[in-house]
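Numbering (our numbering), first residue to last: 371 to 421.
We put the beta carbon where it would ideally sit given N, CA and C, even for glycine.
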Amino acid sequence: NLTNIPPGCAFNPRCRYAQDVCRVDPVPPLFEVQQGISSACHFWKEVRGDD
């Protein structure tokens, strides 16, 4: 719902990786994790499945 965006990451209500930091902290800056792939997630490695 665009009229009721949650604090922190907008995806935190439906993200299975979301933790407290995602609900309160500002979203991290967008950064390139691989050529042509960017992320603004605290847990991008877990989401991608990188070891």
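Q. Alpha carbon to alpha carbon, how far is Thr373 from Ala380?
A. 12 Å
| said: Can you tell me which residues form a DSSP beta bridge with Gln389? | reply: In DSSP, Gln389 forms no bridge with anything.
Report task. Taking only the alpha-carbon atoms, compute the straight-line gap between Val394 and Ile407 and give it to the nearest angstrom. Result -> 25 Å
Would you report the Cα separation of Ala410 and Asp390, rounded to the nearest angstrom? 16 Å
Q | Limits of the unbroken alpha helix (DSSP H) element including Val397 | A | Counting along the chain, Val397 falls outside any alpha helix (DSSP H), and DSSP gives it neither H nor E.
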